[in-house]
Each structure stands twice: as C-alpha cells, then as structure tokens.
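Under full-length UniProt numbering, think of the first position of the sequence shown as 1, with each following residue one higher.
From the three backbone atoms N, C-alpha and C, an ideal C-beta is built for every residue, glycine too.
Since the structure is predicted, the reported quantities are computational estimates derived from the model, not experimental observations.
Taking it in order: structure first as structure tokens, then the write-up.
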Amino acid sequence: MERLVTQVYRAERVTMRRSYDQEFKEYIAKLVVDEGKKATDVGREMDISPKTISRWVKDYRNKIKMSQEGLSYITPSEFKKREKELLDQINELKEENEIIKKAARIFMQSQK
1 MERLVTQVYR
11 AERVTMRRSY
21 DQEFKEYIAK
31 LVVDEGKKAT
41 DVGREMDISP
51 KTISRWVKDY
61 RNKIKMSQEG
71 LSYITPSEFK
81 KREKELLDQI
91 NELKEENEII
101 KKAARIFMQS
111 QK
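See below:
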C-alpha cells in the first residue's frame with residue numbers, strides 16, 4: 001500500500017507544472033549573466049531546474065544580442081501566442097470576406 005501511495009505522489013509531483021512570467025525569467029537570467037552566479041546555485045535557491053534556468057539565460061542573451069543589432073526578440077512562447085492571435089484574425093477576416101461576397105451576390109441579384 002505504501003508503495004502505491006509513493007507512486008501516486010511521484011506521478012502528481014511530475015505532472016505539476018509551474019509557470020513564471022517573463023519579468024521573473026529575465027530577473028533569474030540576469031542573476032546568471034550579469035551577476036555571474038551559477039545556474040545550479042540559483043536553481044537550488046529558487047527551486048527551479050538548472051536546465052530551465054539555462055534556457056532562460058539563452059533567451060535573455062538572444063534578446064540582448066538582437067536588441068544591440070536593432071532587432072526585437074520574442075520568446076518561443078510569445079511567438080506561439082502571437083501566431084495564434086494572427087491565425088484567429090485570419091479566420092475572422094475570412095468569415096467577414098464570405099459575408100461580403102454573399103451580400104454582394106444578393107445585391108447584384110436585386111439589381112437585375
């Protein structure tokens with residue numbers, strides 16, 4: 001019975017996923033990049049996986065590099081969000097276009 005409880009606990013622990021806002025991610029990345037702290041040390045202090053912190057550091061460095069080149073950098077999650085917004089907008093415009101086509105047909109038929 002104890003083994004089953006342990007397995008359930010582990011399964012629940014694995015599926016729990018925390019999310020962090022962009023400001024927090026950049027704060028953690030700055031600790032590593034600007035202050036020279038190790039990702040493992042920061043991860044231990046904040047209870048965050050060093051791999052996760054390394055990914056945030058990579059994003060932060062890319063953002064700095066692109067801003068120095070005069071370009072804007074967005075994270076993959078921001079990109080997906082923007083992509084979804086644009087696809088929704090495309091679908092809405094397609095629907096509006098179909099309505100306008102139908103209205104034009106009706107208008108043309110009434111003029112005959």
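For the alpha helix (DSSP H) containing residue i, name the first residue and the last one.
i, result
"R55", "P50 to Q68"
"L86", "P76 to Q111"
"L71", "Neither: L71 is in no alpha helix (DSSP H) and is coded neither H nor E."
I'd like the list of long-range same chain contacts for residue i, defined as Cβ closer than 8 Å, with 5 residues on each side in sequence excluded.
i, result
"G43", "S49, P50, T52 and I53"
If distances are taken between C-alpha atoms only, which option among the options comes closest to residue i?
i, options, result
"D47", "R61, I28 and V57", "I28"
"Y20", "S77, K37 and L31", "S77"
"I74", "Q22, K94 and G36", "Q22"
Around the Cβ of residue i, are there at least 16 other Cβ atoms within 10 angstroms (buried) or fewer (exposed)?
i, result
"A104", "exposed"
"L31", "buried"
"K94", "exposed"
Excluding the five sequence neighbours on either side, which residues of its own chain have a C-beta within less than 6 Å of the C-beta of residue i, listed in chain order?
i, result
"S67", "none"
Within the same chain, show all residues whose beta-carbon is closer than 7 Å to that of residue i, passing over the 5 residues directly before and after it, in chain order.
i, result
"residue 157", "Residue 157 lies beyond the residue range present for the chain, which begins at 1 and ends at 112; the question has no answer from this structure."
Suppose only complete runs of 4+ residues qualify. What are the alpha helix (DSSP H) ranges in the stretch 23 to 51, listed by chain order?
Listed in chain order, the complete alpha helix (DSSP H) runs (minimum 4 residues) inside the stretch 23 to 51 are 39 to 46.
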